[in-house]
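The sequence shown begins at 1430 in our numbering and counts up one residue at a time.
The beta carbon of each residue, even a glycine, is placed where N, CA and C say it ideally should be.
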Amino acid sequence: MSGIPPRSRRPGWRITASDAGAACRRAREPRVATEIEQRLAELETRLAFQEHSLTELSDALAETRMESARNAETLVRVMAELKQLRTLLYADPGSEPPPPHY
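See below:
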């Protein structure tokens, strides 16, 4: 240190509003940094939770799509069987073999 008193303590110098504001800002800086770190940590936590939720939703969507594809295949197969049964049911009675008791 040079031994020169701060501006506010030198003879003929007065503390101005800007000096007081600067002192106030310096006093708040550690608190502001802590608040910013807390907010950043909270945002990182939220982001991690959202990423986890997004992964779960993506997995659920993939499973639902696979199940939908299986259901569509089953429906096509059942419709083909139903068509075949309708053909047999409404076939010309003359083309059927006679019952065993004739």
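Backbone CA spacing between Ser1497 and Thr1484 [nearest angstrom]: 20 angstroms
Between the CA atoms of His1481 and Ile1465 - distance to the nearest angstrom: 24 angstroms
Own chain residues within Cβ distance below 7 angstroms of Tyr1519, not counting five before or after: none
Is Ser1524 near the ligand MN, in the sense that its beta carbon is under 8 angstroms from a heavy atom of that ligand? The ligand MN is absent from the structure shown, which contains no ligand whatsoever.
For Glu1502, does the three-state DSSP call read helix, strand or coil? helix
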